[in-house]
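Below: the structure, in structure tokens.
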Amino acid sequence: MIFSSVGMTIARYFKSEWSDKNILGQKIWFQVHRACMVMVLALTVISFFIINLSAEGYRDNLEASDRKHLNSHPILGIIVLILTCINPIMTFFRCSPDDERRKFFNWAHFGVGVSSQILAVITIIFGLQLTKAGVKIEATYVVYVYIAAFVMFEVVYEIVKMRERGQVEGSTYEMDIVDEDKKSQASNRSQMFSRLRFLLLISQLVVLGILTLTVIVYILLDIGAKGGH
1 MIFSSVGMTI ARYFKSEWSD KNILGQKIWF QVHRACMVMV LALTVISFFI
51 INLSAEGYRD NLEASDRKHL NSHPILGIIV LILTCINPIM TFFRCSPDDE
101 RRKFFNWAHF GVGVSSQILA VITIIFGLQL TKAGVKIEAT YVVYVYIAAF
151 VMFEVVYEIV KMRERGQVEG STYEMDIVDE DKKSQASNRS QMFSRLRFLL
201 LISQLVVLGI LTLTVIVYIL LDIGAKGGH
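The sequence shown: position 12 = 12 (full-length UniProt numbering), numbered continuously.
Now the structure itself:
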């Protein structure tokens with residue numbers, strides 16, 4: 001929940017940050033994005049096998065109320081796993097940034113990533129609602145809050161992006177016809193938007209991190225309760 005959200009945010013809104021600095025030969029934003037996506041892949045694969053091992057024979061123990069989720073939950077889980085594996089494989093075939101086909105790769109990479117995230121959240125909701133999972137319904141409500149918070153942050157990021165684009169374009173025109181003071185003002189505005197993005201990122205990390213940990217706590221409490229029996 002947290003790594004996929006932050007990874008997508010970094011790739012979408014932070015490419016202009018640290019533009020002159022590299023880590024191990026790659027832009028900082030790319031390394032952060034890749035680290036988040038590697039964590040997503042690792043955790044998805046690990047959780048998939050853990051769930052399958054612990055849920056052996058679960059179909060025979062499902063109650064009638066689970067039937068609406070019976071077919072969709074495991075199928076969605078497999079689809080999420082496949083999409084999560086496909087995205088990093090796609091990167092081995094991406095063309096150079098100046099290649100005219102690069103835009104098709106970007107859209108495909110973005111589409112697979114967004115699709116896997118949406119399906120992953122739906123899969124989590126369905127899984128939490130299975131009777132055998134035994135997780136309190138409040139955990140599902142927390143996921144709903146997570147969805148609302150994620151959408152809210154995306155909207156704010158887009159607003160900031162549009163405002164910055166409008167001011168930068170206006171400043172570019174002004175710098176062609178005015179003095180150095182205007183250039184300094186344009187630089188200050190750019191720094192202001194940069195600080196605002198980082199403030200949003202920190203807020204996103206805190207809010208989504210707390211919500212993710214809350215869901216994990218609910219699940220661990222359920223495991224503890226079962227162990228006590």
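For each residue, glycine too, the CB sits at the ideal point set by N, CA and C.
Asked	Found
What number of angstroms, rounded off, separates the C-alpha of arginine 94 from the C-alpha of lysine 136?	43 Å
To the nearest angstrom, how far is the alpha carbon of serine 96 from that of arginine 102?	7 Å
Using a threshold of 9 Å, state whether the C-beta atoms of glycine 215 and methionine 39 are closer than that.	It is valine, not glycine, that sits at residue 215 in the sequence shown. For valine 215 and methionine 39, no; Cβs fall outside 9 Å.
Please list, in chain order, all residues of the same chain as tyrosine 13 whose beta carbon is under 7 Å from its beta carbon, the five residues on each side excluded.	Tyr157, Lys161 and Arg197
Tell me, which residues are paired with isoleucine 23 by DSSP?	Gln26
When the distance is taken between beta carbons, is tyrosine 146 closer than 9 Å to leucine 208?	yes
Quick check on the burial criterion: 16 or more other C-beta atoms within 10 angstroms. Buried or exposed for threonine 131?	exposed
Looking only at its chain, what residues have a beta carbon closer than 6 Å to the beta carbon of alanine 120, apart from the 5 residues adjacent to it on each side?	Val80
Check whether the Cβ atoms of methionine 37 and valine 114 lie closer than 9 Å to each other.	no
Take lysine 21 and list the residues in its own chain whose beta-carbon comes closer than 7 Å to its own, dropping the five residues that flank it on each side.	Ile28
If you check the beta carbons only, do serine 194 and glutamate 17 fall under 9 Å apart?	yes
Apart from the five residues on each side of it in sequence, which residues of its chain come closer than 7 Å, Cβ to Cβ, to isoleucine 125?	Thr140 and Val143
Out of His109, Arg165, Asp99 and Leu43, state which residue places its alpha-carbon closest to the alpha-carbon of isoleucine 89.	His109
Please classify cysteine 95: does DSSP put it in a helix, a strand, or coil?	coil
May I have the straight-line CA-CA distance separating serine 54 from phenylalanine 48, to the nearest angstrom?	10 Å
Given a threshold of 16 other Cβ atoms within 10 Å of its Cβ, counted over all protein chains shown, does threonine 91 qualify as buried or as exposed?	exposed
Alanine 11: which of Gln31, Gly25 and Gln167 sits nearest, CA to CA?	Gln31
If you measure between the beta carbons of glutamine 117 and serine 4, is that distance less than 9 Å?	yes
Quick one: grab the DSSP three-state call for arginine 12.	helix
Can you tell me where the alpha helix (DSSP H) holding lysine 136 begins and where it ends?	Here lysine 136 belongs to no alpha helix (DSSP H), and DSSP marks it neither H nor E.
Taking the Cβ atom as the reference point for each residue, do valine 45 and isoleucine 86 lie within a distance shorter than 9 Å?	no
Specify the secondary structure class of arginine 163 as computed by DSSP and reduced to three states.	helix
From leucine 128 to threonine 84, what distance separates their C-alpha atoms?	21 Å
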